[in-house]
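Under the working numbering, the residue at position 93 of the sequence shown is numbered 93, and the numbers go up by one with no gaps. Here's the structure, in structure tokens; my notes come after.
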Amino acid sequence: MADTVQGFSNVRRTRFWQKGFLASQSAYVLAALIVIIAIMALLSPNFLTPGNIANITRNFSFIAIATLGITLVIITGGIDLSVGSTMALSATVTSLVLSGLAGAAIALFPGGALILAVLAGLATAAAIGFANGFAVAKLKLSPFVTTLGTLSIVRGLTYVATYGRGAFPTGPDKDLFIAVTAGRLFDLIPISFIYLLILAIAMYLALHHTAWGRYVFAIGGNESAGRLTGVPVDRVKIQVYMLCSLAAGFNGIIISGWLGSAPANLATAYELTIIAAAVIGGANLAGGVGGAAGAIIGCVLIEVIRNGLVLARVDPYWQQTLVGCIIVAAVLVDRLRSLRNG
């Protein structure tokens, strides 16, 4: 019987590059990234210097953590346009609480004020995510319209809390706050990159080695079928939106530490870059497809191009145009690959 099956000439064998990661859009984007890095290195001798590599690593980490979160939402077939505003409000709350606790008794405990301030910022982000998730899962509102409204509400609250002037962290834990958000490991690796790696590994394990991860993909693949098979759709959706907002809030706190302040306009329009990075990395806006590796690759590609344009002294206004072209190209490549494999 085995010999008979092996004798069929119309059975096509799957090549190694047609399965697993190599068959994904992320692999194509990674190949393009390697080519672009090689070209940039040839065009500019400063591109691969340790200092510039550290800058690239730090800069893409500033959006990559939030991209991990929004990738989870996109996998479920949703979208979150409020991530930029969430970054700003979380950073603002953290700075305000840190300053407000400067003279409190808790400040006598080294790092106590910092811990409470960061928890307050993350709690704010979690509340925003819960509101988004509840509206989408329980009230059945459109994710696009819901999060578009949240974008405006949260940004407005940021301006109200600071009177449009922003917030500045002060107190005895200020230096510690700067160290844990903008410091460098061994004076070389940005601490934000370390956080990114930890969160990316956690996301990979959660998506591919837990029942919860299978639920996330099932909701994006076919929500109705997921409900019929016992997937707790509403609960998982709320959790996903909360994780997305928590990632954005944490990202905002890190950026404010690097800036030394939390301006009211922090992360304005970042949601466009974050969504673009997720889509470029292989997340399908229709749901069911995406992952941590693709999210990071997409962020690196955008930052490498931006950095290369700066070194080449290209007009910065062209950057957004190129990002849009890359998104269209990434979607086109994925579409052609799907038709070929189909």
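For each residue, glycine too, the CB sits at the ideal point set by N, CA and C.
{"Query": "If you follow the alpha helix (DSSP H) that T71 is part of, which residue opens it and which one closes it?", "Result": "50–75"}
{"Query": "Helix, strand or coil, according to DSSP, for I153 in the structure here?", "Result": "helix"}
{"Query": "Where does I79 sit, in a helix, a strand or coil, going by DSSP?", "Result": "coil"}
{"Query": "Leaving out five residues on either side along the sequence, give the residues of the same chain with a beta carbon under 6 Å from the beta carbon of A2.", "Result": "Caution is warranted here: a pLDDT of 47 is assigned to A2, below 50, making its placement in the model unreliable, and the coordinate value is therefore given only provisionally. Taken in chain order, the list of residues that qualify is empty."}
{"Query": "Can you have a look at S142 and say buried or exposed, based on whether 16 or more other CB atoms are within 10 angstroms of its CB?", "Result": "exposed"}
{"Query": "If you count every other CB in all the chains shown that lies within 10 Å of the CB of P190, and 16 or more means buried, which is it?", "Result": "buried"}
{"Query": "On the premise that A283 lies in contact with I34, defined as a C-beta separation below 8 Å, what is that separation, rounded to the nearest angstrom?", "Result": "Not a contact, Cβ separation roughly 21 Å."}
{"Query": "Quick one: grab the DSSP three-state call for L185.", "Result": "strand"}
{"Query": "Quick one: is L98 buried, meaning 16 or more other Cβ sit within 10 Å of its Cβ, or exposed?", "Result": "buried"}
{"Query": "DSSP three-state label for A295, please.", "Result": "helix"}
{"Query": "Am I right that A248 and G77 are in contact with their C-beta atoms under 8 Å? What's the rounded C-beta distance?", "Result": "A248 to G77, Cβ: 19 Å. No contact."}
{"Query": "Taking the beta carbon of P45 as the centre, do at least 16 other beta carbons fall within 10 Å, making it buried, or is it exposed?", "Result": "exposed"}
{"Query": "Could you tell me whether the segment 53–60 touches the segment 238–254, where touching means 3 or more Cβ pairs closer than 8 Å?", "Result": "no"}
{"Query": "So, do the segment 305–313 and the segment 208–225 have three or more beta carbon pairs nearer to each other than 8 Å?", "Result": "no"}
{"Query": "Taking only the alpha-carbon atoms, compute the straight-line gap between A262 and A167 and give it to the nearest angstrom.", "Result": "5 Å"}
{"Query": "Going by DSSP in three states, P143 sits in which element: helix, strand or coil?", "Result": "helix"}
{"Query": "Write down the C-beta distance between F47 and L311 rounded to the nearest angstrom, noting that I regard them as a contact closer than 8 Å.", "Result": "6 Å"}
{"Query": "Does the beta-carbon of T4 have 16 or more other beta-carbons within 10 angstroms, so that it is buried, or is it exposed?", "Result": "Confidence is the limiting factor: at T4 the pLDDT is only 48, short of 50, which leaves the residue's position unreliable, though a coordinate-based value still follows. The residue is exposed, with fewer than 16 neighbouring Cβ atoms inside 10 Å."}
{"Query": "Output the distance between the C-alpha atoms of L196 and A64, rounded to the nearest integer angstrom.", "Result": "7 Å"}
{"Query": "How far does the alpha helix (DSSP H) with R235 in it reach, from first residue to last?", "Result": "233–259"}
{"Query": "Using 8 Å as the threshold, is the C-beta distance between T86 and V180 below it?", "Result": "no"}
{"Query": "Going by the DSSP bridge assignment, what does A343 pair with across the sheet?", "Result": "Not covered by the structure: residue 343. The range shown for the chain is 1 to 342."}
{"Query": "Would you check if the distance between the CB atom of A161 and the CB atom of L246 is smaller than 8 Å?", "Result": "no"}
{"Query": "Going by CA-CA distance only, name the one from I178, F177, I194 that's closest to L185.", "Result": "I194"}
{"Query": "Could you check the C-alpha separation between A218 and V231 for me, to the nearest Å?", "Result": "8 Å"}
{"Query": "Can the beta-carbon of A120 be found closer than 8 Å to that of D173?", "Result": "no"}
{"Query": "How long is the line joining the alpha carbons of N52 and A41, rounded to whole angstroms?", "Result": "11 Å"}
{"Query": "Are the CB atoms of T170 and A264 nearer to each other than 8 Å?", "Result": "no"}
{"Query": "Please report the distance separating the alpha-carbon of R235 from that of K138.", "Result": "9 Å"}
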